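Each residue of the sequence shown is one higher than the one before, counting from 50 in the numbering used here.
See below for the structure under consideration.
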Amino acid sequence: MLLGVCAYAVALVIAAAAAIVYLAPPDRHTVAFDISDAAAIHVGDDVRVAGVSVGKVSRISLQPSVVRVECKIRDGVFLGADTAVAVRMLTAAGGYYVALESAGDTPLRGVIAISHARPPYSLPDLIRDAPGKLDALATPDIGASLDKIATGLDAAPGSVRSLIDAVQGLATILDKQRRQVESTLTVSREYLSAFDDNREVLFAMLRKAAVVLRVLEDTHIEFGQAYQGLAEIFGRVAVLTRFYQGHSDEVGAAAQQLEAAAHSVGTDVPTLIDQLTQFVNYLQQVLGPDGIHLVAGDQVLATDLCVPIPGRSC
C-alpha cells in the first residue's frame, strides 16, 4: 500500500514539474503589451525582434478597455523601455506575427503601453485615412494629364489598335516558339529512348571495332616484319638470283604483286587503322565518363590491351 502511494506521489511530482517547465520554461520570460485590436493575433504566433524569431504568443486576455497580449521570449534578448510593438502580415497569403521594436537604453519593465502598439492595417483604417490622402492630391495636374492623354488618342485613333495588334503578334510569336520548344523536347525524348534501347548494340559494336583495330595493328606490324625478312632473303640467298635469270617473268609478276600488297599495307591499312581509331575513340567518348553512361567505367576493350610482338613494344 505504501509503495503504491509513493509511486503515485512520484508520478504527481513529475507531472507537476513537466507542467511548470511547459508553462514557464526556465530560459524564457514574459513580455506583455496592450493593443486596441487583437483580431489578427493568436496564441502560438511568432514573436520576432529585427526579423529573428525569439518566442511565441502565450496568452491573450480581454481587459476593461484594451486587449492584453503576453509573449514568452528567450532570455538574453534586450528590450528597451521605449520598445514598440507592431502586428505585421507574415505572407501575402495571410498570417501575422508580432514584431518587437526595441528602443531605449534602460531595460523594459512592465507592460508596453497601447500607444506603442500598432495593430495591422485594416479596411476601416483605409476608409478613414482615404479622404485626407485624396485631399492632398493635386487634382488640377491629374486633370491636365488626362486631357493630354485624351488629346493624344484623338490625334492618333489607330495607335491603340496598333498597340493591341503588336501585343497580339508578340503573343502569337511566343506561342509558336513554345510549340517549337515542345517539339524539340519530344524529339529529344524519342532520341534518348531509342538510344537507351540500343545501348547494348552500341557497346557490342565498340567491342568488335576495338578487336578489329587491334588485329589490323598487329597484322600491319607483322607484315612489315615479314616484308623486311623477305627483302633480306632476296639480298642474301644467291640461288634466287640464278632462279630469277631463268624465270624472270614469273618472279617479276610476283614482285609486282608483292610490291602492290606492300603498298596497300603501307598506305591503305594505316588509313583504315586511323579511321577505326577515330571511330573507337568517338564511341568511347560517347559511352565514357563525360558522355552518356551506357556501360560501367571498368569495361576493358581490346585496344586497352597490348601484347609485345616483333616490331612493337608495350
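Heads up, the beta-carbon is just placed ideally off N, CA and C, and yes, glycines get one too.
Keep in mind the model is a prediction, meaning the values are calculated, not measured.
* Asked: Taking all protein chains shown into account, do 16 or more other C-beta atoms lie within 10 angstroms of the C-beta of residue 80, making it buried, or fewer, making it exposed?
  -> Residue numbering aside, residue 80 sits at position 31 when the sequence shown is read from its first letter. Label assigned to residue 80: buried.
* **beta strand (DSSP E) runs contained entirely in the segment 106-130, provided each spans 3 or more residues** => Correct list: 116-123.
* **CB-CB length for residue 90 against residue 136, believed under 8 Å** => Here residue 90 refers to the residue found at position 41 when the sequence shown is read from its first residue. Here residue 136 refers to the residue found at position 87 when the sequence shown is read from its first residue. With 8 Å as the limit, residue 90 and residue 136 qualify as a contact, their Cβ atoms being about 6 Å apart.
* Could you say which of 199, 232, 168, 217 lies nearest to residue 134 if we only look at CA atoms? => The residue you call residue 134 lines up with position 85 of the sequence shown. Checking every option, the nearest Cα to that of residue 134 belongs to 168.
* **Rounded straight-line distance, which links the Cα of residue 235 to that of residue 254** => Within the sequence shown, the letter at position 205 stands for residue 254. Within the sequence shown, the letter at position 186 stands for residue 235. Cα to Cα, the separation comes out at about 27 Å.
* **Short Cβ contact (7 Å threshold) for residue 132 with residue 157** => The residue labelled residue 132 in the question sits at position 83 within the sequence shown. The residue labelled residue 157 in the question sits at position 108 within the sequence shown. Less than 7 Å divides the Cβ of residue 132 from the Cβ of residue 157.
* In the structure shown, what three-state DSSP assignment does residue 188 receive? -> Walking along the sequence shown from the start, residue 188 turns up at place 139. It is helical.
* residue 63 in three-state terms, based on DSSP -> Along the sequence shown, one-based indexing puts residue 63 at 14. In this structure, residue 63 counts as helix in the three-state DSSP scheme.
* Asked: Using the rule of at least 16 other Cβ atoms within 10 Å of the residue's Cβ for burial, across every protein chain shown, is residue 82 buried or exposed?
  -> On the sequence shown, position 33 is the one that residue 82 refers to. It counts as buried.
* Asked: Can you tell me where the beta strand (DSSP E) with residue 146 in it begins and where it stops?
  -> By 1-based counting over the sequence shown, the position of residue 146 is 97. Looking at the DSSP string, the run of the beta strand (DSSP E) that includes residue 146 is 143-150.
* Just mark residue 346 as buried or exposed, buried being the case when its beta carbon has 16 or more other beta carbons within 10 Å. => The residue given as residue 346 occupies position 297 in the sequence shown. Caution applies to residue 346, whose pLDDT of 49 falls short of 50 and renders its modelled position unreliable; the model cannot decide the point.
* Compute the beta-carbon to beta-carbon distance between residue 120 and residue 106, rounded to the nearest angstrom, for a pair I have assumed lies under 8 Å. => To locate residue 120, count along the sequence shown from 1; it is residue 71. To locate residue 106, count along the sequence shown from 1; it is residue 57. At roughly 5 Å, the Cβ-Cβ gap stays under 8 Å, so residue 120 and residue 106 are in contact.
* Spatial distance of residue 196 from residue 178 (CA atoms) -> Translated into positions along the sequence shown, residue 196 becomes position 147. Translated into positions along the sequence shown, residue 178 becomes position 129. Distance from the CA of residue 196 to the CA of residue 178, rounded to the nearest whole angstrom, comes to 28 Å.
* Asked: When we look at the beta-carbon of residue 323 and count the other beta-carbons within 10 Å, is it buried (16 or more) or exposed?
  -> Translated into the one-based positions of the sequence shown, residue 323 becomes position 274. With fewer than 16 other Cβ atoms within 10 Å, it is exposed.
* Own chain residues within Cβ distance below 7 Å of residue 154, not counting five before or after -> For the purposes of this step, residue 154 is taken as the residue at position 105 of the sequence shown. 129, listed in sequence order.
* residue 165, DSSP secondary structure in three states -> As a working mapping, residue 165 is identified with position 116 in the sequence shown. Three-state result, residue 165: helix.
* Would you call residue 190 buried or exposed, if buried means 16 or more other Cβ atoms sit within 10 Å of its Cβ? -> The residue you call residue 190 lines up with position 141 of the sequence shown. Its Cβ having fewer than 16 others within 10 Å, residue 190 is exposed.
* To do: Report the three-state DSSP secondary structure of residue 195 (helix, strand or coil).
  => Numbered from 1 along the sequence shown, position 146 holds the residue referred to as residue 195. Helix.
* Secondary structure of residue 90, DSSP reduced to three states -> On the sequence shown, residue 90 is found 41 positions in, with the first residue counted as 1. In this structure, residue 90 counts as coil in the three-state DSSP scheme.
* To do: Measuring alpha carbon to alpha carbon, tell me which of 159, 262, 140, 166 ends up nearest residue 149.
  => Locating residue 149 in the sequence shown gives position 100, counting from the first residue. For residue 149, the closest of 159, 262, 140, 166 by C-alpha to C-alpha distance is 166.
* Reducing DSSP to helix, strand and coil, say where residue 250 ends up. => Your numbering for residue 250 matches position 201 in the sequence shown. The answer is helix: DSSP assigns residue 250 an H, G or I state.
* Asked: Can you check whether the CB of residue 103 is closer than 7 Å to the CB of residue 126?
  -> Here residue 126 corresponds to residue number 77 of the sequence shown, with the count starting at 1. Here residue 103 corresponds to residue number 54 of the sequence shown, with the count starting at 1. Taking the C-beta atoms as reference points, residue 103 is found nearer than 7 Å to residue 126.
* To do: List the DSSP bridge partners of residue 323.
  => Taking the first residue of the sequence shown as 1, we reach residue 323 at position 274. DSSP output for residue 323 lists no bridge partner at all.
* To do: Check the Cβ-Cβ distances between residue 130 and every residue of chain C, and say whether any is below 7 Å.
  => Within the model displayed, chain C is absent; a lone protein chain is all it includes.
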